[in-house]
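Protein chains in written order, with our numbering: chain A, 20 to 293; chain B, 14 to 334; chain C, 107 to 369.
All residues carry an ideal CB built from backbone N, CA and C; glycine is no exception.
Report on the following structure.
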């Protein structure tokens, strides 16, 4: 027990140092800050504008009104932003595999996956948080949400779970490169699929697709189920106030499975130049 | 200290055929071939040794050193460092090893050198006073303190190598692995690197394992060499003993006053160009003095010198087989 | 010319090398296409015609849009960035081939490989799983092909112009992303701009982006009459000339700057 705490302390200590260095790196290149400050929020402001236009042209989407969609979109963008901060490197894992960049992580006394994500922590992900929070608050107001302790807990639990689910998916996709030895990054595609499935209610899709998104690739738990629960919107699969907690559970399970798949891949790691 | 037992590793390589037709064929029906990079390798390394791995490109030396430092997972066999299996207890074992891979840096490109050291201090949980003491010791060998405030991207290659060497030793590892450390370095950086290895080995009893193509590294650093070819251990032992065994000869270089050079019954004339002739003789057969005496009885000699059989002769013999 | 053809061929072979990329890309694009199809089917559940387009035309729109996206592949911006970052620009420019000619040839090579690796499978899968994306009026085919060629050139020039920003800003990763998002959303590739409010749509019609995707797609599904389409193609052509002029002007300045400073 004490050993576990000491180890946790060690990881926290390294994490703080890594964040400090990430911030210093950003300050070294101020030109980049401006670029990302424009790029990232722009993407989501436009995304949100499109939802508005779609609602204006077609009325409700899958039975959800504009305010509810804003709430869903906001929450989804926040968990997206968190996953960008901690897990975006998963998109580029193939590059690290081909270039032999895992050598360094393997010769240091910390978890390989931890080092891979945290020594490359992407502070710029914060620029995605801002539009997410703005739209989420807007959605809360539109839906006249009562902010109770339970609601706050549901939001926090959902965000943690959703971030872990996203991270797990990135790890799964990235780890395939240990087997294929190819540096392809499917980040952009993944993003496009996630956008369509987390920013709109999955109840608008046919049942077969809903089944896949609920059980096989659990994207439905990123935003649809927890938000249905928080806003009290009925769907024909799962209902109830506990859904955000299921999201957390799904996130933890996803992470464990992804970690296992990664470890299997790492045993096949070939470094570079052989 | 280090035990390597029956180590084996295979690679699967995609078979590529030339041209557009080959590319389409590879797309629809990829073919793979298995390459045995390392085959059933076993040896032991004692504390405080400096061991050099040599062998031609693709011989398996990099693969071996990468399995020994926990980067690659062996297909068969095991590597024990201080009695612990590196594959099974990676995190505990790597606390005791340092790694320097030539041409690749573990320093953060964008920040001052000191920041990279700071991170390592946290990763290896080095106490502040210990850290300062180690840095002082290493600074005495390589004078690295003056570089601490310099951004790594502004450093010369030589300075970066210094930084990497010190970085790999900050946590006082018992074993230091170096993969082609002198590749691409200028003479003075090479000298600094060799001095560093000798000194940490002498002062801190660090066991050093390196692969190299540079015979100078081997001659200046290693008492023991391991020659690997086709993934198999060809030679393992003391450098001078291997030289004596594989190449038990010397070469006498004689300069005459004209272009004719006499033969000698106990020598083989390996080269004859202009006024200079080279005579190779077995060490246990005769001596240089005897040959010089015999030759000068026939013809007047202007100058002589002796070439020892060296590591390059060994390489030639070992790689040839 | 032979030199550039050789580059095209080499690039085709290069693109074919990684079989995983190929199958992975097809799978990903298929998933995206199918979710898009369901997305529009769901939206059209209670409406028959929105923005002058019915559900079937909209499905054709997204299948052809997916197929068209293959032609919009560019690597020129990354190539420029790399040569600036690695400091090889000056030597690259001294070579007896035009730098941008090489990049163009490489992109053409990649696209030719992609036509078979991606476009064909996408059309087949789209045709099997969603609907056969037939053209509204086959007589529009020459017009469609012409506008696709113009689209491709506009897209490539925009990419090259963005790439040239690398000469001023050290790291253009963020800018490349900005461009990507702008293109995705403002070109009508995901959502046609006729769903946008009129004011916004009018602004977008003045920008070059809609002429990359939406115009050829509109011709394909037969939205709007012939006169309107031709009027739009004139704007498309105008944009091509403007971008071409811009490209040459900036290219000229950049070349001079690099030659003077030696990169």
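Query	Result
CB-CB length for residue 180 of chain A against residue 266 of chain A, believed under 8 Å	4 Å
Cutoff 9 Å: residue 128 of chain C Cβ touching any chain B Cβ	yes
Residue 292 of chain B - partner residues in DSSP beta bridges	B/265, B/282
Closer than 9 Å to chain C by CB, residue 29 of chain B	yes
Selected residue, minimal CA-CA separation from residue 152 of chain A, among A/67, A/264, A/135	A/67
Segment limits, beta strand (DSSP E) that includes residue 5 of chain B	Outside the shown range of chain B (14 to 334) lies residue 5 of chain B, about which nothing can therefore be said.
Rounded C-alpha distance that separates residue 154 of chain A from residue 64 of chain A	9 Å
Straight-line Cα distance separating residue 270 of chain C from residue 357 of chain C	8 Å
Expected contact under 8 Å - CB spacing of residue 180 of chain B and residue 130 of chain B to nearest Å	6 Å
Nearest candidate by alpha-carbon position, reference residue 16 of chain B, set B/44, B/85, B/325, B/54	B/54
Beta-carbon gap between residue 220 of chain A and residue 258 of chain A smaller than 9 Å	no
Burial state of residue 261 of chain B (16 or more Cβ within 10 Å)	exposed
Spatially closest choice to residue 263 of chain C from C/245, C/273, C/350, by CA coordinates	C/350
DSSP-derived helix/strand/coil call for residue 24 of chain B	strand
Cα-Cα separation, residue 167 of chain C to residue 233 of chain C	12 Å
Where residue 59 of chain B falls, given that 16 or more other Cβ within 10 Å makes a residue buried	exposed
Start and end residues, alpha helix (DSSP H) containing residue 195 of chain C	195-200
Where residue 50 of chain B falls: helix, strand or coil (DSSP)	strand
Proximal chain B residues relative to residue 118 of chain C, where beta-carbon distance stays under 9 Å	33, 36
Chain-ordered chain B contacts of residue 83 of chain C [CB-CB under 9 Å]	No statement about residue 83 of chain C is possible, as the shown extent of chain C runs from 107 to 369 and does not include it.
Contacting positions in the region 192-218 of chain A - beta carbon closer than 7 Å to chain C	199, 201, 203, 205, 208, 211, 212, 215, 216
Residue 183 of chain B versus B/25, B/151, B/195, B/231, residue with shortest Cα-Cα distance	B/151
Distance between residue 113 of chain A and residue 120 of chain B (C-alpha atoms, nearest Å)	22 Å
Inter-stretch contact (C-beta, 8 Å, three-pair minimum) for the region 101-113 of chain A and the region 183-199 of chain A	yes
Residue 237 of chain C in three-state terms, based on DSSP	coil
Within chain A, partners of residue 303 of chain C - CB distance below 8 Å	72, 75
Segment limits, alpha helix (DSSP H) that includes residue 192 of chain B	No alpha helix (DSSP H) contains residue 192 of chain B, which is instead part of the beta strand (DSSP E) from 188-192.
Check whether residue 206 of chain C and residue 266 of chain C have beta carbons under 9 Å apart	yes
Unbroken alpha helix (DSSP H) run spanning residue 267 of chain C, endpoints	247-270
Euclidean distance between Cα positions of residue 202 of chain A and residue 127 of chain C	8 Å
Helix, strand or coil at residue 123 of chain B according to DSSP, with G and I counted as helix	coil
Environment of residue 329 of chain B [buried if 16+ CB atoms lie within 10 Å]	exposed
Identity of the residues DSSP links to residue 228 of chain A by a beta bridge	Looking at the DSSP assignment, residue 228 of chain A forms no beta bridge with any residue, so it has no partner.
Opening and closing residue of the beta strand (DSSP E) in which residue 251 of chain B lies	245-251
Residue environment, residue 277 of chain B, which counts as buried when at least 16 other CB atoms sit within 10 Å	buried
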